[in-house]
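Quick note: the sequence shown uses the working numbering, first residue 2, plus one each step. Beta carbons: idealized from backbone N, C-alpha and C, even for Gly. Step one of this worksheet: look at the structure below.
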Amino acid sequence: MGKSTVAANLAVALARSGSAVGLLDLDIYGPSVPLLFGVDEQPEMDPERQKIFPIEREGVALMSLGFLMDPEQAVIWRGPMVAGAVQQLLRDVEWGDLDYLVVDLPPGTGDTQLSLAQLVPLTGVVIVTTAQDAALTIATKALQMFRAMKVPVLGIVENMSTFVCPGCGTETPIFGHEGAGETAASRLRVPFLGRIPLTAEIVVDGDLGLPTVAAHPDTPQGDAFTALAGKVAGVVSASAVMQGACRR
2 MGKSTVAANL
12 AVALARSGSA
22 VGLLDLDIYG
32 PSVPLLFGVD
42 EQPEMDPERQ
52 KIFPIEREGV
62 ALMSLGFLMD
72 PEQAVIWRGP
82 MVAGAVQQLL
92 RDVEWGDLDY
102 LVVDLPPGTG
112 DTQLSLAQLV
122 PLTGVVIVTT
132 AQDAALTIAT
142 KALQMFRAMK
152 VPVLGIVENM
162 STFVCPGCGT
172 ETPIFGHEGA
182 GETAASRLRV
192 PFLGRIPLTA
202 EIVVDGDLGL
212 PTVAAHPDTP
222 QGDAFTALAG
232 KVAGVVSASA
242 VMQGACRR
């Protein structure tokens, strides 16, 4: 689904708009943030205060379990250990004052999502999917899970919606279901936040540890991530106002 790439570029795009942004990688079994930002160092720690300091790249404060482990080491944990790791990364990281904390979650439904929703109040979730039927089914289950936990769903993003030819710029639907993400958003009664095209630059940038929205901002893919950040900021503000009104 490319959710980690979307999360990384969303965080950088929000930071480029002037916001204070953190990115927390909670894809415990497959952390991607170290690779996507080219980080091969461990974060600094304060043993006395039992605090971990995020690593900063592209104006974003980053934290990932991948910073603390060998990149080829497999994580073989049961649910309680995953819940403990989620709690530690939320509690022990010195985030400072943030406008946004973007959290990259594993696909589908599971212990990580449940633990996060139980530990902290969430402003909302963004569902990332492709136009494949299988991906849309998984995304729908995730959406329904968050609804059941009373977590606002901010909208759906269709990633890898088209392939952009590097030679002529022609866009071709990859999965043969053009507009499937928008159709799903309409059916599920949530906002459609946009489409992200697949380009060669996105793939290369990810391997080089350079978020595309920073490396190639004035391109179709860069514009798509910037537009996504604007829409997310808008729905977050609206959601915060509604949640505040409900508490009064």
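Between which residues of its own chain and residue i is the CB-CB distance below 6 Å, once the five residues before and five after are set aside?
i, result
"residue 56", "40, 44, 63"
"residue 107", "28, 113"
"residue 15", "22, 101, 230"
What is the DSSP secondary structure of residue i, counted as helix, strand or coil?
i, result
"residue 130", "strand"
"residue 206", "helix"
"residue 188", "helix"
"residue 223", "helix"
"residue 163", "strand"
"residue 53", "strand"
Ends of the alpha helix (DSSP H) at residue i?
i, result
"residue 173", "Looking at the DSSP string, residue 173 is not in any alpha helix (DSSP H); the run it does join, the beta strand (DSSP E), is 172-174."
"residue 83", "80-92"
When you compare each of the options to residue i by their alpha carbons, which one comes out closest?
i, options, result
"residue 181", "138, 52, 5", "138"
"residue 51", "82, 165, 90, 16", "90"
"residue 125", "141, 110, 101, 153", "153"
"residue 236", "197, 214, 212, 191", "191"
"residue 36", "217, 210, 233, 216", "210"
"residue 194", "53, 232, 80", "232"
"residue 136", "49, 160, 117", "160"
"residue 155", "216, 166, 187, 199", "187"
On the DSSP letters alone, give me the boundaries of the beta strand (DSSP E) that residue i sits inside.
i, result
"residue 11", "Run containing residue 11: none in the beta strand (DSSP E); it sits in the alpha helix (DSSP H), 4-17."
"residue 48", "Unbroken run through residue 48: none, as it is neither H nor E."
Cutting at 8 Å between CB atoms, please list the residues of its own chain near residue i, excluding the five before and the five after it.
i, result
"residue 31", "107"
For residue i, which residues from the same chain have a beta carbon less than 7 Å from its beta carbon, with the 5 sequence-adjacent residues on both sides left out?
i, result
"residue 58", "38, 40"
Contact between the stretch 166-173 and the stretch 144-151 (3+ Cβ pairs under 8 Å) | Contact between the stretch 166-173 and the stretch 144-151 is not established, with fewer than three Cβ pairs separated by less than 8 Å.
Between the stretch 8-19 and the stretch 203-223, do at least 3 Cβ pairs fall closer than 8 Å?
-> Yes, the stretch 8-19 is in contact with the stretch 203-223.
Determine, using beta-carbon pairs with one atom in the stretch 24-33 and one in the stretch 215-232, whether at least three such pairs fall under 8 Å.
-> Segments in contact, no.
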